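Residue numbers (our numbering): 5 to 65. Heads up: the structure comes next, in structure tokens.
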């Protein structure tokens with residue numbers, strides 16, 4: 005399973021707070037674009053799912 009970000013739920017108008025909270029630095033963002041989760045770095049801990057205020061992060065099966 006992989007973690008994904010739903011572009012329809014992510015407002016993409018600010019610095020994503022998940023970037024600074026990811027314990028392995030797997031989330032990046034260019035400007036205010038849709039954040040990206042690097043599947044090679046992500047340990048699927050689910051912390052980003054818990055802290056995303058828009059509930060835009062989900063587990064893809």
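The C-beta atom is built at its ideal place from N, Cα and C for all residues, glycine as well. Computed from a prediction, not measured in an experiment: that's the story for all the values here.
Would you mind sorting residue i into buried or exposed? The rule is 16 or more other CB atoms within 10 Å of its CB.
i          : result
residue 43 : exposed
residue 9  : buried
residue 61 : buried
Less than 8 Å between the C-beta atoms of residue i and residue j, yes or no?
i          : j          : result
residue 5  : residue 45 : no
residue 21 : residue 49 : no
residue 47 : residue 25 : no
Does any heavy atom of the ligand SAM sit closer than 7 Å to the C-beta of residue i?
i          : result
residue 34 : Only the bare structure without any ligand can be found here, which leaves the ligand SAM out of the picture.
Determine the extent of the alpha helix (DSSP H) in which residue i is found, giving its start and end residues.
i          : result
residue 77 : This structure leaves residue 77 out entirely; the chain is present only between 5 and 65.
residue 23 : 22 to 25
May I ask which residues mark the beginning and end of the beta strand (DSSP E) holding residue i?
i          : result
residue 7  : 6 to 9
residue 28 : Premise fails: residue 28 is in no beta strand (DSSP E) and is neither H nor E.
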